[in-house]
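In the working numbering, the protein residues as written are 229 to 512.
Below is the structure:
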């Protein structure tokens, strides 16, 4: 809505939004620099406009927690954001994790056709042909170990500050995210669901909700037009290929009661796109 955190709550209220999700680090705001007095003033700024703090957002960068990244610095940064979230009395931090190791490849075994199943059809006694699989390089054990260790440490910090972390990854699929969260086994971890990522993913919409629906803790109000080879082009909500009726029904079925944050950062007129998306979602 605005790069100025003092102006955004007023604009959000006038547009009909119920809250704001703030970047933890931006040119105009660094939440970790806010003193206790600064945090109180920030909360008052929002409440004076009847605007809630939906949460904070942080991007761990192109390397994320992978080998070669400064993991200690990132963990320290995350810890400061969690401490700030607790001071600002918000229980949600959305985290872009960056690259993640792929999950172990599981070979899907099809049913073997027997003469009993085939009835009167004569079935030659030959081995069934396996369907070709997409080539997926095996995960680097050092990558897996580093991610799992870092996630374990993040879980300890989340428990200390009582803060929920909703994760997403633009550089990995939902299967890799599911492996990462399953390995961490932390009750403070969940999913930041991004509809354009659903359009790009190898998993179907039903498979994503079956595997991760109960872990969704935040939803990004974004849309995209789907092209070839799982490419997408950003679009305002309701003007892309996301089937919002189905998406909202699946969220309801998963018991989701959290925020849908209109994220128009990739569009030209961000404020207009956010307001247009809000009107569309209210009609659904």
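Glycine included, every Cβ here is placed at the ideal spot set by N, Cα and C.
Residue range of the unbroken beta strand (DSSP E) whose run includes residue i
i: residue 447; result: 444-449
i: residue 280; result: 280-287
i: residue 251; result: 247-251
Residue i to residue j span [Cα, whole Å]
i: residue 309; j: residue 300; result: 14 Å
i: residue 413; j: residue 270; result: 33 Å
i: residue 315; j: residue 409; result: 26 Å
i: residue 196; j: residue 369; result: Lying before the first or after the last residue shown, residue 196 is absent from the chain, which here runs from 229 to 512.
i: residue 512; j: residue 465; result: 12 Å
i: residue 328; j: residue 238; result: 38 Å
i: residue 388; j: residue 381; result: 11 Å
i: residue 333; j: residue 384; result: 29 Å
i: residue 444; j: residue 420; result: 6 Å
i: residue 396; j: residue 447; result: 10 Å
i: residue 220; j: residue 496; result: Coverage of the chain is limited to positions 229 through 512, which leaves residue 220 absent and any answer about it impossible.
i: residue 264; j: residue 305; result: 18 Å
i: residue 375; j: residue 292; result: 9 Å
i: residue 479; j: residue 485; result: 8 Å
Three-state secondary structure (DSSP) of residue i
i: residue 418; result: strand
i: residue 293; result: coil
i: residue 490; result: strand
i: residue 257; result: strand
i: residue 272; result: helix
i: residue 333; result: coil
i: residue 410; result: helix
i: residue 304; result: helix
i: residue 468; result: coil
i: residue 428; result: helix
i: residue 277; result: coil
Classification of residue i by the beta-carbon crowding that lies within 10 angstroms, buried from 16 upward
i: residue 481; result: exposed
i: residue 474; result: exposed
i: residue 366; result: exposed
i: residue 318; result: buried
i: residue 442; result: exposed
i: residue 227; result: This structure gives no information on residue 227, because the portion of the chain shown stretches from 229 to 512.
For residue i: DSSP bridge partner residues
i: residue 462; result: 452
i: residue 324; result: 287 and 396
i: residue 228; result: For residue 228 there is no data in the structure shown, the boundaries of the chain being 229 and 512.
Residue span of the alpha helix (DSSP H) that contains residue i, given as start and end
i: residue 385; result: 369-389
i: residue 318; result: From DSSP, residue 318 is part of no alpha helix (DSSP H); its letter is neither H nor E.
i: residue 513; result: An answer regarding residue 513 cannot be provided, because it is not within the stretch 229 to 512 covered by the chain.
i: residue 476; result: 472-481
Distance cut-off 6 Å: residue i Cβ against heavy atoms of the ligand SAH
i: residue 232; result: Although the ligand SAH was asked about, the structure shown includes no ligands whatsoever.
Below-7 Å beta-carbon distance, residue i vs any chain C residue
i: residue 443; result: No chain C is present in this structure, which holds just one protein chain.
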